[in-house]
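Numbering (my numbering), first residue to last: 3 to 267.
Ideal Cβ placement from N, Cα and C applies to all residues, glycine included.
Computed from a predicted structure; not experimentally measured.
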């Protein structure tokens with residue numbers, strides 16, 4: 003299989019670097035650590051530029067949730083010295099990072115590291131694109147088995163979570179089916195307006211994009227809410243996402259392009 007490139011992403015810096023040090027002791031593993039979602043994004047971007055793609059991301063389930071008590075992985079040696087803490091990046095939580103990796107780096111597998119078993123969150127992680135959910139206090143040998151397994155397209159969950167995760171996924175599928183039926187009841191123009199709502203566009207922006215008057219957009223939005231059986235834009239967006247409705251593609255401004263290039267330099 004060759005050497006496996008792993009990126010550990012955890013905002014508990016001591017844990018991230020300790021785990022990275024333990025994994026680096028394996029002869030077939032190259033490993034790096036990132037202390038936040040945005041830092042992980044920069045590592046992924048640089049890996050593309052250097053033509054050294056990551057194979058597996060180990061992502062903290064509570065990434066971006068703020069300070070937590072220290073957690074140590076079984077058999078992970080402590081660091082001999084600690085590096086200075088860098089300024090915190092803007093929050094990019096664990097599931098958002100998993101979704102971004104699936105969309106932008108589809109060759110990379112993600113495994114979520116969790117402090118506790120949670121069937122609902124594990125199911126959401128799988129839906130977001132994760133290939134596994136592993137307890138942070140598992141043995142190093144178990145974690146390595148999962149890392150190698152997901153590279154063979156295996157999905158790994160703790161046995162105690164299987165029944166709960168299957169129940170959550172089944173319930174989510176039922177909700178999705180009902181949501182899809184409601185979305186299909188919309189006219190093509192109303193579905194277009196709904197996709198604009200999913201993208202976070204306000205009434206004026208939707209009107210400009212679709213070349214409609216604000217009054218007409220308001221009528222379409224009211225019709226969308228009524229047909230979906232919800233009372234707010236947020237509820238409509240949540241239902242749309244359950245149905246698999248994505249946002250309209252937004253054309254970035256020149257400033258956005260410059261900012262993005264600056265991140266890659």
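Inter-residue spacing [alpha-carbon to alpha-carbon] between residue i and residue j
i	j	result
residue 1	residue 54	With the chain covering only 3 through 267, there is no way to say anything about residue 1.
residue 234	residue 226	10 Å
residue 239	residue 127	20 Å
residue 161	residue 103	26 Å
residue 124	residue 43	22 Å
residue 209	residue 164	47 Å
residue 96	residue 156	21 Å
residue 145	residue 224	50 Å
residue 179	residue 231	15 Å
residue 250	residue 57	30 Å
residue 139	residue 118	9 Å
residue 153	residue 106	18 Å
residue 143	residue 25	10 Å
residue 151	residue 158	8 Å
residue 51	residue 219	43 Å
residue 202	residue 148	37 Å
residue 62	residue 214	44 Å
residue 132	residue 39	15 Å
residue 49	residue 237	38 Å
residue 172	residue 4	37 Å
residue 137	residue 168	18 Å
residue 120	residue 141	19 Å
When the options are compared against residue i, the one with the closest alpha-carbon
i	options	result
residue 191	221, 105, 102	221
residue 181	223, 243, 96	243
residue 66	138, 157, 15	15
residue 6	31, 97, 111	31
residue 17	37, 27, 4, 28	37
residue 135	249, 64, 27, 216	64
residue 13	27, 41, 33	41
As assigned by DSSP and simplified to three states, the class of residue i
i	result
residue 112	strand
residue 63	coil
residue 47	helix
residue 8	strand
residue 31	strand
residue 149	helix
residue 233	coil
residue 14	coil
residue 200	helix
residue 36	strand
residue 58	strand
residue 71	Here the model assigns residue 71 a pLDDT of 47, short of 50, so the residue's position is not dependable, and the following value carries that caveat. If DSSP states are grouped into helix, strand and coil, residue 71 belongs with coil.
residue 80	Confidence at residue 80 is low in this model, with a pLDDT of 40, below 50, so its placement is unreliable and no value can be given for it.
Residues near residue i by beta carbon distance below 8 Å, same chain, minus five either side
i	result
residue 229	184, 187, 188, 192
residue 247	185, 193, 196, 197, 200
residue 216	205, 206, 209
residue 110	46, 55, 56, 57, 58, 59, 103
residue 211	198, 203, 250
residue 245	178, 181, 182, 184, 185
residue 241	181, 184, 185, 230, 232
Contacting residues, own chain, Cβ-Cβ under 6 Å from residue i (five flanking each side not counted)
i	result
residue 60	10, 113, 115
residue 130	97, 100, 101
Close Cβ partners of residue i (< 7 Å) along its chain, the five nearest in sequence each way excluded
i	result
residue 108	none
residue 33	8, 10, 22, 25, 26
residue 28	146
* Could I get the ranges of all uninterrupted alpha helix (DSSP H) runs contained in the stretch 112 to 143, with 4 residues as the minimum, in chain order? => 121 to 130
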